[in-house]
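Okay, structure first, notes after.
Residue numbers (the numbering used here): 172 to 337.
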């Protein structure tokens, strides 16, 4: 008998670049900095994408959208996440829930949490109660504490399509 539920973990980090806004969780946060990257730098979408793909055994974001491909330059990370969800569905899986921890000194996540949850829930095809975004600081320690960038850890559960419970 195959498993009806799987769990995946995703991680991403980005250094900060000058100029805003900062794109996180599919929304733009007013800021004088942004997450620098080959795409739009949305570390939340990147970590969630990896968590989902990993749970389903479908590779990772770098395989789907290599940074060596010029077509991915500046790409909207929500589009990447939507593609991962489509791949998940094609393989017989659906999103159960997603739990996200953003480690950053700035920006503060709390004021943007509801908008991120709503945006991500729409993209993932789940209720907003199935998505949670937490913000944590690094208490001034290391590169995150020096406000050089941020990190994101995402955990996702996926369920076999057609299953409702374990």
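Note that the Cβ used here is the ideal one computed from N, Cα and C, for glycine as well.
On a predicted model such as this, the values are computed, not experimentally measured, just so you know.
Worksheet item: Under a Cβ-count criterion, where at least 16 other Cβ atoms within 10 Å of its own Cβ denotes burial, should residue 117 be classed as buried or exposed?
Response: Outside the displayed span of the chain (172 to 337) sits residue 117, for which this structure offers no information.
Discussion item. I'd like the ranges of any alpha helix (DSSP H) spanning at least 4 consecutive residues and lying wholly in the region 182–268.
Written reply: 214–227, 232–235 and 248–261
Worksheet item: Whose C-alpha, out of 206, 182 and 293, is nearest the C-alpha of residue 256?
Response: 293
Item to complete: Pull up the distance between the alpha-carbon of residue 172 and that of residue 309, whole angstroms please.
Response: Here residue 172 scores only 37 on pLDDT, less than 50, and its place in the model should not be relied on; the value that follows carries that caveat. Using only the alpha carbons, I get a separation of about 43 Å.
Discussion item. Please state whether the Cβ-Cβ distance between residue 339 and residue 195 is less than 8 Å.
Written reply: Any question about residue 339 goes unanswered here, given that the chain covers just 172 to 337.
Worksheet item: Does the Cβ of residue 300 have 16 or more other Cβ atoms within 10 Å, making it buried, or fewer, making it exposed?
Response: exposed
Discussion item. Along the chain, where does the alpha helix (DSSP H) containing residue 294 start, and where does it finish?
Written reply: 284–295
Practice prompt. Tell me whether residue 179 is buried or exposed, calling it buried when 16 or more other Cβ atoms sit within 10 Å of its Cβ.
Written response: buried
Worksheet item: Just the Cα atoms here: how many angstroms apart are residue 239 and residue 273?
Response: 26 Å
Item to complete: Quick one: give me the first and last residue of the alpha helix (DSSP H) that residue 315 is part of.
Response: 313–316
Fill in: Limits of the unbroken beta strand (DSSP E) element including residue 324
320–331
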